[in-house]
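Residue numbers (the numbering used here): 1054 to 1263.
C-beta atoms are modelled at their ideal positions from N, C-alpha and C, and glycine is treated no differently.
Quick notes on the structure that follows.
Below is the structure:
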């Protein structure tokens, strides 16, 4: 599928629980985007990329199972669907969750620690330059945030903050411990959109080569 001029990208936001509205509001500020609130498995086939928002990872994971969305989403991510997990979304993507036997989508080769920074009262703000995403300082909001303790060989670390890995990328997967949707900076949303466009161009080129 070629992302030519005028093509509208359909970006899904998993709308089962969490900071759904905030992501939608960010996406609506960017031209050429149609937002889909994903609540059913069949909607996964309509979208070009998906955001897994922050919230309660155990609740979202349970709802994904109840609505028969977990396995279809896992298959689509493995097949190349661009996906971005923020906070709880990072936990949902991880192949290992420290001190927890159960995992969810099992697609991102990291070991993540839930609530690594403590309770809601331990939420904090910071800022950093994420070189691959933008040249300027990006505001970072951490709310009961996880961080990554270990990464597999195929994982590209985008940001280490105070010795902790808080943003990574692996092929079609993007994950952040923090909440870019809670700031006015759209850099991460634009980066994810460009990731989707690149994925589509690569798919299109590959299907027409030879």
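Sorted by chain position, which residues of the same chain lie with C-beta nearer than 7 Å to residue 1185's C-beta, five sequence neighbours on each side aside? Result list for residue 1185: 1211, in chain order.
Count the other CB atoms within 10 Å of the CB of residue 1234; is the residue buried (16 or more) or exposed (fewer)? Residue environment for residue 1234: buried (at least 16 other C-beta atoms within 10 angstroms of its C-beta).
Inspect the CB distances between the region 1153-1171 and the region 1202-1217 and report whether three or more fall short of 8 Å. In short, these stretches touch, since the Cβ pair count reaches three.
For residue 1142, three-class secondary structure by DSSP: In the structure shown, residue 1142 sits in a helix (DSSP, three-state: H, G or I).
Considering Cα atoms alone, identify which of 1070, 1084, 1168 is closest to residue 1064. Comparing Cα-Cα distances from residue 1064 to each of 1070, 1084, 1168, the minimum goes to 1084.
Tell me the DSSP bridge mates of residue 1113? Answer by DSSP bridge pairing: none, since residue 1113 is not bridged.
Residue 1134 to residue 1101 span [Cα, whole Å]: Going by the C-alpha atoms only, they are around 7 Å apart.
Counting only runs of 3+ residues fully inside the region 1070-1122, write out the beta strand (DSSP E) ranges in chain order. Runs found: 1086-1091, 1102-1105.
One question on the structure: do residue 1107 and residue 1141 come within less than 8 Å of each other, judged by their Cβ atoms? Closer than 8 Å, so yes.
Other residues of its chain near residue 1078: CB distance less than 8 Å, five sequence neighbours each side excluded: Closer than 8 Å at the Cβ level, and outside the excluded window around residue 1078, lie 1234.
Tell me the start and end of each unbroken beta strand (DSSP E) in the region 1190-1262 that is at least 3 residues and wholly inside, in chain order. Listed in chain order, they are 1190-1195, 1200-1204, 1209-1214, 1217-1223, 1226-1229.
Would you tell me roughly how many angstroms separate the C-alpha atoms of residue 1113 and residue 1254, rounded to the nearest one? When only Cα atoms are considered, residue 1113 and residue 1254 end up about 31 Å apart.
Pick out whichever of 1070, 1086, 1072, 1076 has its Cα sitting closest to the Cα of residue 1247. The shortest C-alpha separation from residue 1247 is found at 1086.
Separation of residue 1223 from residue 1208, as counted between CA atoms: A direct Cα-to-Cα measurement between residue 1208 and residue 1223 gives close to 5 Å.
For residue 1120, count neighbouring Cβ atoms within 10 angstroms of its own Cβ and tell me buried if that reaches 16, exposed if not. It counts as exposed.
Return the chain-ordered list of same chain residues with a C-beta closer than 6 Å to the C-beta of residue 1094, the five sequence neighbours on each side being excluded. Only residues of its own chain outside the window of five on either side were considered, and among them 1121, 1122, 1125 have a CB closer than 6 Å to the CB of residue 1094, listed in chain order.
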